[in-house]
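These notes are about the structure you will find just below.
Residue numbers (full-length UniProt numbering): 1 to 231.
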């Protein structure tokens, strides 16, 4: 199975900033985000627009997702799928792999270090590429020993259900602290091409964008607006 970072590096090295669209049915801060659209058709349209990876939020209570939705999108699109959820168990990793995902989010702020290490190893053994998410310098320092291929910087605080007013400033503060050869992904609070450029200038290699694309009148056009050439 193709790693998530493989097409991201390819796009980055070709001179285009890689944008991962994040598919979430709703959010605590924004309410209903799909507005009656079919999420599978939505994912297909973004893959056809050039998305190198599609992210699918499977958490049900706050974000309206499901593992079944993950499976349907993985079957429908030809690009790697990243599962986003509050993963804490081996069973969740196994269902992720069985659903056809290529990558899985592991959030450092909700996991003890030994638990995170175990889940990273288990994910890799199942053929999943772990995206380890951080939100502050302490978390980045804690994961340096893991030799990660994929590291996320969440501009918002996931422990507050992303209700805080995060900005790309978080990526600007933290990206230079990453000392390993990981692909650095700036997540959340990216609302414009200017935000994308700021994140990359700070040291990120790719961005993950959910709400700005989901709420756009024409999501495909918005996706293309955000996929700007790398300066």
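All C-beta atoms in this analysis are idealised placements derived from N, C-alpha and C, irrespective of residue type, glycine included.
Residues of the same chain with a CB within less than 8 Å of the CB of residue 117, apart from the 5 flanking positions on each side, are 146 in chain order. Taking residue 198 as the centre and dropping the five residues before and after it, the same chain places the C-beta of 168 closer than 6 Å to its C-beta, in chain order. A contact is defined here as three or more CB-CB pairs under 8 Å, and the stretch 122-135 meets this definition with respect to the stretch 3-23. Secondary structure of residue 133 (DSSP, three-state): strand. With the rule of 3 Cβ pairs closer than 8 Å, the stretch 169-180 counts as touching the stretch 200-211. Within 10 angstroms of the beta-carbon of residue 84 lie 16 or more other beta-carbons, which makes it buried. Contact check for residue 46 and residue 219: beta-carbon distance about 7 Å, within the 8 Å limit, so the pair qualifies. Secondary structure of residue 229 (DSSP, three-state): strand. Exclusion of the five residues before and after residue 222 leaves 213 and 216 as the residues of its chain whose Cβ lies within less than 6 Å of its Cβ. Residue range 150-154 is occupied by the beta strand (DSSP E) that includes residue 154, with no alpha helix (DSSP H) assigned at that position. Per the Cβ contact rule, the stretch 70-82 is in contact with the stretch 33-43 (3 or more Cβ pairs under 8 Å).
Annotated as distal: residue 155 and residue 179, with beta-carbon spacing of 9 Å or more.
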